[in-house]
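First residue of the sequence shown? That's 2 in my numbering, and the numbers climb one at a time after it.
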Amino acid sequence: MGVPPATCFQYSACDRIGIREWCRSWVSLTASRHKTSPKMTALQRFSTIHLVQRISCVVSFCLMTCGWAQSIEQLTERQQNRLEEATERLKTLRLEIRDQQIPMGKKLADLRYETDGKERLLKERQRLRDRSSLSLEQLESQVAAGKKELDYIADNLINEFESSFKAALSPGEISTFGEDLRQLDLLLEQTESTETEKLSASMQQIADSLDRIDGLLAGKRYPGSALDPEGKQLAGSFIQVGPLLYFISESKDTVGWVEETRTLKPKMRSIGSSEVKAIQNLSETGIGLLPVDPTLGDAVAFAETKESWQEHFKKGGVWVIPIIGFAILSMLVAIYKSIQVSLIRQPQPMVVHEIIEKLGAEDSKGALSLAASQSGPAAQMLTEGVKNAAESVELVEEVMFESILGAQPKLERFLNVIAVTAATAPLLGLLGTVTGIIKTFKLMEIFGAGDPKPLISGISEALITTEMGLILAIPALIAHALLSRRVAGILAQMEKLSIAFVNGLSRRDVGFKAAENSTD
Numbered sequence: 002m003g004v005p006p007a008t009c010f011q012y013s014a015c016d017r018i019g020i021r022e023w024c025r026s027w028v029s030l031t032a033s034r035h036k037t038s039p040k041m042t043a044l045q046r047f048s049t050i051h052l053v054q055r056i057s058c059v060v061s062f063c064l065m066t067c068g069w070a071q072s073i074e075q076l077t078e079r080q081q082n083r084l085e086e087a088t089e090r091l092k093t094l095r096l097e098i099r100d101q102q103i104p105m106g107k108k109l110a111d112l113r114y115e116t117d118g119k120e121r122l123l124k125e126r127q128r129l130r131d132r133s134s135l136s137l138e139q140l141e142s143q144v145a146a147g148k149k150e151l152d153y154i155a156d157n158l159i160n161e162f163e164s165s166f167k168a169a170l171s172p173g174e175i176s177t178f179g180e181d182l183r184q185l186d187l188l189l190e191q192t193e194s195t196e197t198e199k200l201s202a203s204m205q206q207i208a209d210s211l212d213r214i215d216g217l218l219a220g221k222r223y224p225g226s227a228l229d230p231e232g233k234q235l236a237g238s239f240i241q242v243g244p245l246l247y248f249i250s251e252s253k254d255t256v257g258w259v260e261e262t263r264t265l266k267p268k269m270r271s272i273g274s275s276e277v278k279a280i281q282n283l284s285e286t287g288i289g290l291l292p293v294d295p296t297l298g299d300a301v302a303f304a305e306t307k308e309s310w311q312e313h314f315k316k317g318g319v320w321v322i323p324i325i326g327f328a329i330l331s332m333l334v335a336i337y338k339s340i341q342v343s344l345i346r347q348p349q350p351m352v353v354h355e356i357i358e359k360l361g362a363e364d365s366k367g368a369l370s371l372a373a374s375q376s377g378p379a380a381q382m383l384t385e386g387v388k389n390a391a392e393s394v395e396l397v398e399e400v401m402f403e404s405i406l407g408a409q410p411k412l413e414r415f416l417n418v419i420a421v422t423a424a425t426a427p428l429l430g431l432l433g434t435v436t437g438i439i440k441t442f443k444l445m446e447i448f449g450a451g452d453p454k455p456l457i458s459g460i461s462e463a464l465i466t467t468e469m470g471l472i473l474a475i476p477a478l479i480a481h482a483l484l485s486r487r488v489a490g491i492l493a494q495m496e497k498l499s500i501a502f503v504n505g506l507s508r509r510d511v512g513f514k515a516a517e518n519s520t521d
């Protein structure tokens with residue numbers, strides 16, 4: 002193990018100082034000598050001084066080495082003693098550290114646990130501080146959002162609920178909840194009422210509506226008044242189970258359904274005797290069977306819409322009268338013409354050949370008798386043809402065509418009445434429709450368009466006349482077409498017979514001429 006340089010300089014300090022001072026004095030003396038000599042140049046003087054300095058350093062190093070050799074043993078002994086002392090102190094320090102390690106470890110663990118707890122507490126307090134350090138703008142935005150949500154509930158949801166609740170009330174419940182609803186509407190319209198009061202009143206109304214639903218499910222009875230079928234107001238009680246509503250008077254003798262009307266008071270509808278007894282028994286004992294209408298009155302209302310044909314015609318107004326008159330006239334004419342054309346029997350084509358044969362045999366009386374025995378207008382046509390058989394064929398043809406033209410007006414007589422009726426009936430219906438619409442608009446000016454019942458008369462007149470006109474026109478058109486076709490068939494058959502008769506006469510004349518030529 003080496004000795005530090007500081008220790009060496011500690012033991013040879015006096016010697017070094019003496020040697021340094023001697024060298025300095027010798028160098029100074031030498032330099033002064035060189036300076037006083039005029040013959041030496043500057044370079045020579047610098048070389049001499051440099052040499053002297055080198056010699057001084059060598060001498061100093063030799064002297065120092067001698068001092069070190071003299072004190073090395075003392076230094077080694079002192080360092081050995083110091084090393085032993087340091088080793089003892091190290092052992093003692095290690096023992097002290099080992100004895101204090103366990104308590105210090107426990108104390109360190111306690112300090113760490115305490116540090117963790119304080120860190121958690123610090124984080125919690127920081128979180129609370131961050132939560133409580135919201136800005137005023139954030140709080141105002143939260144308050145504004147809450148107020149907006151509250152306004153939406155009060156202005157939209159509650160109003161919508163109140164409208165639905167009013168629409169769901171039965172005619173009997175309107176008198177019970179009507180006053181509360183009016184008071185609520187007045188409170189909501191008052192500007193001096195606070196939002197809290199309005200919201201509280203609305204919530205109370207919602208609670209009452211929920212209680213109403215519970216009562217309807219179990220059935221309830223409450224006092225009120227209603228109008229009987231004759232329009233007389235009676236005091237009594239309403240019995241309501243779900244949507245079914247009944248009324249029984251105080252005297253228990255008037256019982257009936259309660260129908261939905263637009264009148265200020267509920268109106269009763271009469272029911273059967275067995276149903277009356279069931280409702281009376283339920284009113285007295287609280288137990289019984291109720292008559293139930295699953296359609297909620299629609300079936301009864303539909304049954305009441307059935308009416309007699311007199312009532313139906315009466316609703317059509319004044320224009321139904323001419324339509325009915327035309328209908329009767331058209332029907333009578335159609336019946337008459339149907340009987341007329343159905344009784345006409347057209348001759349068979351063989352009859353014409355028989356008449357021609359009799360004429361060829363010069364049996365004019367037999368031919369005339371056979372032609373006259375036929376039925377219908379064809380008999381007169383054949384009779385005229387037989388009477389003029391001796392004339393030329395052209396003349397016979399003209400005579401028979403004249404008979405056809407004379408029969409045509411008789412066959413087509415009164416058919417134009419049916420045609421005019423079929424064309425006029427829809428126009429009368431359209432006229433009644435226009436009149437009914439005008440009447441409807443006049444009633445709308447008086448009663449408005451909210452209640453449709455006052456407008457029913459005008460609408461009925463507008464629709465019923467059109468209905469009656471079409472009911473008349475369609476059968477009239479069909480009858481006219483059928484009868485016209487039948488008449489056209491009769492005339493075509495007559496024309497066919499006339500052509501056959503004329504052709505027969507032509508063949509007969511040709512035969513006579515051929516016989517005469519052969520005789521000649």
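Ideal Cβ positions, reconstructed from N, Cα and C, are used throughout, including at glycine.
Assumed close pair residue i, residue j - CB separation to whole angstroms, cut-off 8 Å
i: residue 318; j: residue 150; result: Actually they do not touch by this definition, with Cβ atoms about 59 Å apart.
i: residue 338; j: residue 402; result: That belief does not hold up - the Cβ atoms of residue 338 and residue 402 are roughly 24 Å apart, past 8 Å.
i: residue 429; j: residue 466; result: 7 Å
i: residue 203; j: residue 155; result: 7 Å
i: residue 238; j: residue 284; result: 7 Å
i: residue 482; j: residue 335; result: Incorrect: roughly 11 Å between the Cβ atoms, too far for contact.
i: residue 436; j: residue 320; result: 6 Å
i: residue 206; j: residue 181; result: 7 Å
i: residue 170; j: residue 178; result: 6 Å
Per DSSP, the bridge partner or partners of residue i
i: residue 223; result: 239
i: residue 269; result: 259
i: residue 247; result: 240 and 258
i: residue 228; result: 234 and 268
Best match in the options for proximity to residue i [C-alpha to C-alpha]
i: residue 248; options: 231, 270 and 232; result: 270
i: residue 378; options: 312, 156 and 342; result: 342
i: residue 1; options: 244, 115 and 348; result: Residue 1 lies beyond the stretch modelled for the chain, which goes from 2 to 521, so this question has no answer here.
i: residue 457; options: 441, 158 and 470; result: 441
i: residue 228; options: 357, 257, 215 and 201; result: 257
i: residue 236; options: 245, 255, 242 and 243; result: 255
i: residue 475; options: 425, 397 and 437; result: 425
i: residue 434; options: 272, 464 and 411; result: 464
i: residue 240; options: 279, 234, 230 and 233; result: 279
i: residue 423; options: 492, 207 and 472; result: 472
i: residue 396; options: 195, 504 and 374; result: 504
i: residue 381; options: 486, 394, 390 and 404; result: 404
i: residue 417; options: 485, 162 and 242; result: 485
i: residue 494; options: 408, 358, 84 and 201; result: 408
i: residue 195; options: 167, 152 and 209; result: 152
Nearest-angstrom Cα separation, counted from residue j out to residue i
i: residue 253; j: residue 287; result: 14 Å
i: residue 220; j: residue 174; result: 13 Å
i: residue 501; j: residue 386; result: 11 Å
i: residue 116; j: residue 122; result: 10 Å
i: residue 172; j: residue 267; result: 5 Å
i: residue 165; j: residue 293; result: 25 Å
i: residue 90; j: residue 111; result: 31 Å
i: residue 222; j: residue 259; result: 14 Å
i: residue 507; j: residue 469; result: 57 Å
i: residue 15; j: residue 82; result: For residue 15, the pLDDT reaches just 45, beneath the cut-off of 50, and the residue's location in the model is therefore unreliable, although a value from the coordinates is still provided. Straight-line Cα distance between these residues: approximately 26 Å.
i: residue 12; j: residue 73; result: Only weak support exists for where residue 12 lies, its pLDDT of 39 falling under 50; the value from the coordinates is given anyway. Between residue 12 and residue 73, the C-alpha separation is close to 10 Å.
i: residue 392; j: residue 352; result: 21 Å
i: residue 361; j: residue 406; result: 28 Å
i: residue 368; j: residue 331; result: 42 Å
i: residue 498; j: residue 350; result: 7 Å
i: residue 277; j: residue 296; result: 19 Å
i: residue 327; j: residue 314; result: 14 Å
i: residue 492; j: residue 329; result: 28 Å
i: residue 354; j: residue 372; result: 11 Å
i: residue 398; j: residue 488; result: 21 Å
i: residue 140; j: residue 197; result: 21 Å
i: residue 421; j: residue 244; result: 56 Å
i: residue 188; j: residue 272; result: 42 Å
i: residue 109; j: residue 148; result: 56 Å
i: residue 478; j: residue 400; result: 35 Å
i: residue 120; j: residue 113; result: 10 Å
At what residue ranges does the segment 296-361 contain a whole run of the alpha helix (DSSP H), taking only runs of 4 or more?
-> 299-305, 310-316, 321-344 and 350-361
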